[in-house]
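Heads up: the sequence shown begins at 20 in our numbering, then just goes up one per residue. Where is the CB? At the ideal position from N, CA and C, for every residue including glycine. Everything below concerns the one structure shown next.
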Amino acid sequence: MIKLAIGVTVAWTAWLWGLGWLGETWLAPVLGSGQVAGLLLMGLGLPLGALGLATLGRRWGLGANQWDYHWSLGAITAGLAGGVLYLGLLPLLSGLGLKGLPLALPDLPISARPAGSLGFLVIAVNGGLAAWCDEWMWRGMVQSALTRVATMTVGLLGTMAVFSLSQALISGVSNQWFDWLVLGFFLGALRVRWGTSSSTVARILINTVAATSLGTTG
20 MIKLAIGVTV AWTAWLWGLG WLGETWLAPV LGSGQVAGLL LMGLGLPLGA
70 LGLATLGRRW GLGANQWDYH WSLGAITAGL AGGVLYLGLL PLLSGLGLKG
120 LPLALPDLPI SARPAGSLGF LVIAVNGGLA AWCDEWMWRG MVQSALTRVA
170 TMTVGLLGTM AVFSLSQALI SGVSNQWFDW LVLGFFLGAL RVRWGTSSST
220 VARILINTVA ATSLGTTG
């Protein structure tokens, strides 16, 4: 399971970085629109990468039925409450060095401010699809794998650390490492107490608010 956790961490980070590189250096110039390029890359690339790693995980003994997805009213409510709590604590956290609302994939062209008719799709894909796929990988696979070979605490802290490092590497913004660390702790704690379905709901809410704010603050 340790090898699986490391493999998913490296492969998912490389996959997201590669999507960002393709969008910025090739697809966006060809299409003449960074947002269209981002929609295509995220809409097709994220599910493809997530499904590929999920297949690998099943072969290594960690199928989707072991990701701790248990959909219930309690889990959904906890996820919504956790997301609202995180958003409500942002003013306090900013005093500790938090820079702002981190998006799932801040380096992809889709993270540009939504504009025109694409605005809704940009928010929906970044707030929904990107958040869901990322939670599959981090809380669903990596945290589950680490928890199985160690303890819930090790699973939480280990995933929090590699999640924040991965996102900082993908975004190329090293001074936002603390932002991702805090978010990773919130989501990991939700997963420990109420399951991965709860952290997924919270992540979708947080990402949707973050993506929407890009269109209203600039």
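| field | Pick from Ala83, Ile225, Gly203 that is closest to Ala180, judged by C-alpha positions | value | Gly203
| task | Using alpha carbons as the reference points, say which of Val228, Ile225, Ser216 lies closest to Trp90. | result | Ser216
| Leaving out five residues before and five after Met156 in sequence, what residues of the same chain have Cβ atoms less than 8 Å from its Cβ? | Val27, Trp31, Ala69, Leu72
| Is the Cβ-Cβ distance between Leu148 and Gly39 less than 8 Å? | no
| Cβ shell of Leu46 (< 6 Å), same chain only, five flanking positions each side left out | Ala56
| request: Could you tell me whether the Cβ atoms of Arg210 and Asp153 are closer together than 8 Å? | output: no
| Measuring CA to CA, which of Phe182, Gly174, Thr227 is closest to Gln195? | Phe182
| Helix, strand or coil: how does DSSP classify Ala187 here? | helix
| Run of the alpha helix (DSSP H) containing Asp153, from where it starts to where it stops | 150–154
| query | Near Leu106, what residues of its chain come up, given a Cβ to Cβ distance below 7 Å and the 5 sequence neighbours on each side ignored? | reply | Ile225, Val228
| Cβ-Cβ separation, Leu206 to Ser218 (assumed contact under 8 Å), whole Å | 4 Å
| How many whole angstroms separate the CB atoms of Leu188 and Gly177, which I take to be in contact at a CB cut-off of 8 Å? | At roughly 17 Å, the Cβ-Cβ gap does not stay under 8 Å, so Leu188 and Gly177 are not in contact.
| query | Expressed to the nearest angstrom, what Euclidean distance is found between the alpha-carbon atoms of Thr235 and Gly214? | reply | With a pLDDT of only 42 at Thr235, under the threshold of 50, the placement of this residue in the model should not be trusted, and no figure is reported.
| query | Which of the three DSSP states, helix, strand or coil, is assigned to Met20? | reply | coil
| said: Just verifying my parser: in three-state terms, what is the DSSP assignment at Ile225? | reply: helix
| task | Check whether the Cβ atoms of Met160 and Gly76 lie closer than 8 Å to each other. | result | yes
| Hey, how far is the Cα of Ala33 from the Cα of Ile95? | 31 Å
| Environment of Gly102 [buried if 16+ CB atoms lie within 10 Å] | buried
| field | Sequence-distant residues of its chain with Cβ nearer than 6 Å to Gly98 (five each side left out) | value | Ser217, Val220, Ala221
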